[in-house]
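Positions in the sequence shown are counted from 1; adding 813 to them yields the working numbering.
Ideal placement from N, C-alpha and C gives every residue a C-beta, glycine not left out.
For clarity, every value in this text was computed on a predicted model and none was experimentally measured.
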Amino acid sequence: MKHETRKHQRRLFGVAALTLAAAIGSPGALAEAQIPSIDVQDEPWKVDVFYENDTRARGRDATGKTVGLSKFRNTLQVEADKKLGDGWSFRGIFRGTYDGVYRLNKDQFGEDAGSRSASEVRLHNTAGPVAGGLPGVHQGTTVPFGGGIGYTVVDAVQAGAGLPDLGGPGGGPGINQFIDPNYADLNTPPAQYGSGAGLRVLGDAWHNPNHGGIAFAVPVRPCDVDKRGCADFGGYGKQKRHELESPEFNDRWDFLREAYVRKTFNLSDGSNFFAKIGKQQVVWGRTDLFRVLDVINPVDYSRNNIYDELQDIRIPMWIAQGEWRMGPSESMQERNLSVVWNFDQFRANNLGQCGSPNVMLDAGCFFRGMKNLWDNGGTVANFASFVPPGTPGNLSGPWLATNFGAHQIGIRNVHLPDWSLSNTQLGVKFEGVTEDGLSFSLNALHYRSQLPSLRAINTAAVNPFTGASGNSSPFSGPAQGANSAHLIAFDMHFPRVNLIGGSMDFQSETLGAAFRLEAAMTSGEEFVNTAQPRLYSRNRVLRTVIGVDRPTFIPFISTSTATLISAQLFYQHIFDHEEYSGAAGKIGMPDWEHNVIGTLLIKGNLHNGRVSPQIIMAHDFKARAWVASPSVEWSLTDNLKLTFGANIKGKRDDAADRWSWDDCRSCNPYAPYTNYAGQGFNSGSAGLSGLEPLGRFRAGPIGAAWKENEVFFTMRYKF
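Put into structure tokens, the structure is as follows:
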């Protein structure tokens, strides 16, 4: 792997050199361009050095336990500028961090996180105590990790080996659950599951997992302590403790926040051409918290969820950027045409590794738990109906916590795009300023989705006995000998996406305000969809935002300095959205067809700008969740700045009911051989619902973190 990374880095530098040569080598296009010669005597280096400590502590999560220290991050950042020969200049930002929370609070985020034994991890089991006929493995409303019933699928041919066959529709061959006596030991989970230590129940930090839906145990310790469920989900997901502590020092050289050269070339027609090549951030949008056009660089949400400045959490990429500055015309004051080529290897958004303090949407825990289920097997709460499939009334339960073997359920493979020219990303933008001062842009981008798509391995058209439709028989897999099938199993993909959009900025003297508008239409994004055979669909998406910035005198804040009021309203619409009523609840896409999120910033300035109180608020209207972050920034000197604040989240009382969605335990991948009451013998889902695993997409980034209330203190010093 390291050898491949070094080869990739050499390719990047080679591509950058070729790009630079092409940009400056076209005959007649640019004036006397040369490869920059570095002459350290021409101009001294300009260097600024910053140190920052960010310390945060959280209150109680949904388990009722106080989390405590959630961040003790120390950052050293060096910003360096240098003028080179022939009009070229260099810009570099180098950042290294060390977060001591993994050692200082190791019970929550380090080597001692999670359970001490299997008996501490309780999975819901609504069947409750059952007398006679079944092993004593489910004698309660919850069972420990490894204490569910066994589950596999069998047909009449296998019944001769001693496995029961409950029969299929019309008395034909059936696919049925059966009780496996190997799982009768309450104290010791099956050996392939691994230790019962270092686990938490999926979602227990933000909701009660014993709500009647499904859940499973998730490993939460760093991957050098516990390798279960560790996989590369796009730059995160298999990090060891030292990599979580100092995330910039990795094979992708993330300590280089910026490292590029730039130059402006004067052209013969009076216009000029600006070139910028190296590791950099390309900023297309002007929004805070949420992105519309600003999607060229992926984002590291593990740093502080959505609440850090985008300039601090964008992941820099190796990019070549060229901008033709055409100057004014008869109808415009300014015109620019730019091309952006991201030739770096693909990188996904960092959603946070399970077991770290910031896990966006709690998705990293869902991914790690599903990967662990595929690799090792595990117990899933409330999965199997106590009433056999096909029996009227079985949709009402009761439900049994169910043990699965390896390679039956979960995430099988992660398909990260390899580096190739066809996998690089290309964008074009035209900007202009009209005579009356209206600034606008038109944008187009071809890129890979920075969020993953989960595609189910099987389709409903596959006959599980013959492997029709070109697929091998699911009974040939390694799980539970020859008697198992893939039930709810996925591969992770990052699909290609096309974006077109634009932005507009203008001032209103009458209102004394500046207005910002952005819009983007994408095609190719993929969403979870339980109404489709492969449990996903590809949809077009419209995202828009309108922002208003207005300095306003608010006497109780300051009578001498205006207070900035900045409001934004985000809107998202998913085209061809699917939502239907199943026999037991809603099925289809958990993401909202229409969603609106509003943000508000109020920022004052006191004592000649030395003290700046502010509050940032956001409200997700569909998820009915909100966040407020008050803080005070105090500049003691020109070089020392202190910030005190809090991050407080909440939800409406009925929000959790709105977050529940089809959990696919009633999905029917092998019709007509399996079915639930009310489905007939058709493929699809009956719509049995719970908060896991899809409720996180309805709760959104604010709702899924609503128990992460914290206070913080930040000190920043410039040397």
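CB-CB length for residue i against residue j, believed under 8 Å
i	j	result
P1403	R1329	With 8 Å as the limit, P1403 and R1329 do not qualify as a contact, their Cβ atoms being about 30 Å apart.
H1386	I1410	Going by Cβ atoms, the distance from H1386 to I1410 rounds to 13 Å, so no, they are not a contact pair.
I1267	M1317	A small correction: the amino acid at residue 1267 is Leu; Ile does not occupy that position in the sequence shown. Not really, about 36 Å apart at Cβ, beyond 8 Å.
N1021	A875	6 Å
H1390	E1406	4 Å
T1100	G1314	That pair is no contact at about 12 Å.
L1123	T1412	L1123 to T1412, Cβ: 13 Å. No contact.
A1441	K1464	With a Cβ gap of about 13 Å, A1441 and K1464 do not count as contacting.
G1191	F1217	6 Å
F1366	A1375	6 Å
Short Cβ contact (8 Å threshold) for residue i with residue j
i	j	result
K1547	D899	Because residue 1547 is not part of the residues shown, which for the chain are 814 to 1532, the question remains open.
N1189	A1214	no
N887	Y915	no
Q1158	P1129	no
G1223	M1145	no
G1503	G1026	yes
A1219	W1187	yes
L1229	D1466	no
G1533	E1058	Residue 1533 lies beyond the residue range present for the chain, which begins at 814 and ends at 1532; the question has no answer from this structure.
G1516	A1459	no
R1181	F1303	no
S1498	D1470	no
G1240	L1258	yes
P1002	A931	yes
T1357	A1332	yes
V1112	I1126	yes
A1018	L936	no
R904	R1075	yes
E795	V1038	Given a span of 814 to 1532 for the chain in the structure shown, any question on residue 795 remains unanswerable.
For residue i, three-class secondary structure by DSSP
i	result
R819	Residue confidence is low: R819 scores 44 on pLDDT, short of 50, so the model does not pin down where it sits. No coordinate-derived value is stated.
D978	Residue placement at D978 is flagged as unreliable, the pLDDT there being 40, under the threshold of 50; the coordinate-derived value follows with that caveat. Note: D978 maps to coil in three-state DSSP.
N1522	coil
N1216	strand
S1198	strand
P994	Because P994 carries a pLDDT of 39, less than 50, the predicted location of this residue cannot be relied on, and no value is offered for it.
H1432	strand
D894	strand
Y915	helix
I851	Because I851 sits at a pLDDT of 46, beneath the cut-off of 50, its placement in the model cannot be relied upon, and the following sentence gives the value as read from the coordinates. The answer is coil: DSSP assigns I851 none of H, G, I, E or B.
N1185	helix
G1513	helix
Y1114	coil
F1159	coil
S1371	coil
H808	The displayed coordinates of the chain run from 814 to 1532. Any statement about residue 808 would go beyond what the structure contains.
D861	strand
H1386	strand
R908	strand
S1533	With the chain covering only 814 through 1532, there is no way to say anything about residue 1533.
E924	coil
M1139	coil
I1400	strand
R1268	strand
Y1073	strand
Y1049	coil
Which residues DSSP lists as bridging residue i, in chain order
i	result
Y1260	V1310
G1223	A1302
Q1320	A1327
C1036	DSSP output for C1036 lists no bridge partner at all.
W1154	A1133, L1239
P1364	L1377
L1453	Y1530
D1475	S1502
Q1427	K1416, S1444
M1145	T1247
F885	T868
Y1393	I1400
S1254	E1244, S1316
Residue-level contact to chain B via CB, residue i, 8 Å cutoff
i	result
W1154	In the structure shown, chain B cannot be found, because there is only a single protein chain.
Report task. Count the C-beta pairs between the region 1025-1040 and the region 1001-1015 that are closer than 8 Å, then say yes if the count reaches three, no if not. Result -> yes
Requested in this report: Could you tell me whether the region 1049-1057 touches the region 1165-1178, where touching means 3 or more Cβ pairs closer than 8 Å?
Outcome: yes
Query raised in the report: Would you call the region 1072-1089 and the region 1335-1346 in contact, with 3 or more CB pairs under 8 Å?
Result: no
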